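Visitor: My numbering puts the first residue of the sequence shown at 1, with every later residue one more than the last.
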Amino acid sequence: MSGLAADNSDVPDAIRRGLGMAARAVGAWCDLYRPQAANAPLDGANRLLRLPATFANPGGFRVPVGYGDALWEGYFDAGYSRHGDYIAGPEGVFFIAAQPRLGPLLCVKTNRVLGFSRPAAPAAAGVSRYVGVQAGAAVSLLLDWPASVLATRVGGRGALPADAPGVEGSAGGWVVLLPAPRIGAGPVLLRPGDLVHDDIGRAGVIGSAELTHLGWRLHVKQATS
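#1: Identify, in the order they occur along the chain, each residue of the same chain with its Cβ nearer than 7 Å to the Cβ of histidine 287, setting aside the five sequence neighbours on each side.
#2: Is DSSP giving glycine 68 helix, strand or coil here?
#3: Can you tell me where the beta strand (DSSP E) with threonine 110 in it begins and where it stops?
#4: Per DSSP, what are the beta-bridge partners of aspartate 198 in this structure?
#5: Output the distance between the C-alpha atoms of alanine 28 and leucine 102, rounded to the nearest integer angstrom.
#6: Would you kindly work out how many angstroms separate the C-alpha atoms of threonine 54 and threonine 110, rounded to a whole number?
#7: Can at least three beta-carbon pairs, one atom from the region 45-65 and one from the region 76-93, be found at a separation below 8 Å?
#8: Just reading off the beta strand (DSSP E) that valine 220 is part of, what are its end residues?
#9: Measure the Cβ-Cβ separation of phenylalanine 95 and proline 146 and say whether it is below 8 Å.
#10: Could you tell me the alpha carbon to alpha carbon distance between glycine 204 and proline 181, rounded to whole angstroms?
#11: Would you list the residues sitting across from alanine 53 in a DSSP beta bridge?
#12: In the structure shown, what three-state DSSP assignment does arginine 16 receive?
#13: Whole-angstrom Cβ separation of proline 104 and glycine 74, contact assumed at under 8 Å?
#14: Do you know whose CA, among Asp194, Gly84, Phe76 and Lys221, lies nearest alanine 37's CA?
#15: Who are the Cβ neighbours of alanine 138 in its own chain at under 8 Å, not counting the five residues just before and after it?
#16: Short of 7 Å in beta carbon distance, which residues of its chain neighbour isoleucine 183, apart from the five on each side in sequence? Order them along the chain.
#17: Since glycine 215 contacts proline 179 with CB under 8 Å, what's their CB separation in whole angstroms?
#18: What number of angstroms, rounded off, separates the C-alpha of leucine 42 from the C-alpha of tyrosine 33?
#19: Cβ of leucine 150 within 8 Å of Cβ of glycine 68?
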């Protein structure tokens, strides 16, 4: 008993080294990024280092990842990474959702690049005054952020800003998973009503915004008008 560490404090470090050795054997070299500003987290100025990494279904390497599965296990040495970092390599772009002390990391695979903005408050209603949202007057919150975007369409009605996702006959929308970046003194807070646009020209409005210990989970109403 005297040869064992009383608090097992070296166990997490040993596991991280083991994951790093496994990634070196079967993974590929990737770039680790840590966002420092509200724009372009994968900018070269945010790259911390290169490291070998590989990713697998949480059910194991023998189980393929299916449609609509955004969560992956990351196998790499987490000694230099932290929650909210991005990892980009041959298998795609992931962000780290959680770094447990024991075992592989929980990562989210991204499939779209998003921008978020907040519309200016509409003018008071009056004769010949337009009181709707004016995208040109919106204030940018985040720009060019890789995120996981999964569609939630129900029914076949045309897409309108008021169509709620998940309601029969509505145009549906997206579920968006995104890190919760801390820019400057605190986190960038997203809220219902904020505007969303992606890299393939789609637009939407945040219907609900849930900040969890893993990051943001947003329900976005898709809009085409």
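Don't be surprised by glycine CBs; every beta carbon is placed ideally from N, CA and C.
All values derive from a computational prediction rather than experimental measurement.
Guide: In terms of the structure at hand:
#1: In this structure the chain extends from 1 to 225, so residue 287 is not present and cannot be described.
#2: Position 68 of the sequence shown, counting from 1, holds the residue named residue 68. If DSSP states are grouped into helix, strand and coil, glycine 68 belongs with coil.
#3: Taking the sequence shown and counting its residues from 1, the one referred to as residue 110 is at position 110. Unbroken run through threonine 110: none, as it is neither H nor E.
#4: For the purposes of this step, residue 198 is taken as residue 198 along the sequence shown, with counting starting at 1. In DSSP, aspartate 198 forms a bridge with Leu114.
#5: Counting from 1 along the sequence shown, the entry for residue 28 is found at position 28. Counting from 1 along the sequence shown, the entry for residue 102 is found at position 102. Approximately 22 Å between the Cα atoms of the pair.
#6: On the sequence shown, residue 54 is found 54 positions in, with the first residue counted as 1. On the sequence shown, residue 110 is found 110 positions in, with the first residue counted as 1. Rounded to the nearest angstrom, the two C-alpha atoms are 15 Å apart.
#7: yes
#8: As a first step, residue 220 is located in the sequence shown; it is residue number 220 there, counting from the start. First-last of the beta strand (DSSP E) with valine 220: 215-223.
#9: Here residue 95 is taken as the residue at index 95 of the sequence shown, counted from 1. Here residue 146 is taken as the residue at index 146 of the sequence shown, counted from 1. Contact: yes.
#10: In the sequence shown, the residue the question calls residue 204 occupies position 204. In the sequence shown, the residue the question calls residue 181 occupies position 181. Going from the Cα of glycine 204 to the Cα of proline 181 covers about 21 Å.
#11: Within the sequence shown, the letter at position 53 stands for residue 53. According to DSSP, which records beta bridges pairwise, alanine 53 is partnered with Ala28.
#12: Reading the sequence shown from its first residue, position 16 is the one you call residue 16. The answer is helix: DSSP assigns arginine 16 an H, G or I state.
#13: The residue labelled residue 104 in the question sits at position 104 within the sequence shown. The residue labelled residue 74 in the question sits at position 74 within the sequence shown. Going by Cβ atoms, the distance from proline 104 to glycine 74 rounds to 6 Å, so yes, they are a contact pair.
#14: Your numbering for residue 37 matches position 37 in the sequence shown. Alanine 37 has its Cα closest to that of Gly84, out of Asp194, Gly84, Phe76 and Lys221.
#15: The residue labelled residue 138 in the question sits at position 138 within the sequence shown. If we look at alanine 138 and ignore the five residues flanking it on each side, its Cβ neighbours are Ser117, Arg118, Pro119, Ala120 and Leu195.
#16: Residue numbering aside, residue 183 sits at position 183 when the sequence shown is read from its first letter. Around isoleucine 183: Ala37 and Ala38.
#17: For the purposes of this step, residue 215 is taken as the residue at position 215 of the sequence shown. For the purposes of this step, residue 179 is taken as the residue at position 179 of the sequence shown. So it is a contact: roughly 5 Å between Cβ atoms.
#18: The residue you call residue 42 lines up with position 42 of the sequence shown. The residue you call residue 33 lines up with position 33 of the sequence shown. Whole-angstrom Cα-Cα distance: 6 Å.
#19: The count along the sequence shown starts at 1 and reaches residue 150 at position 150. The count along the sequence shown starts at 1 and reaches residue 68 at position 68. Taking 8 Å as the Cβ cut-off, leucine 150 and glycine 68 qualify as a contacting pair.
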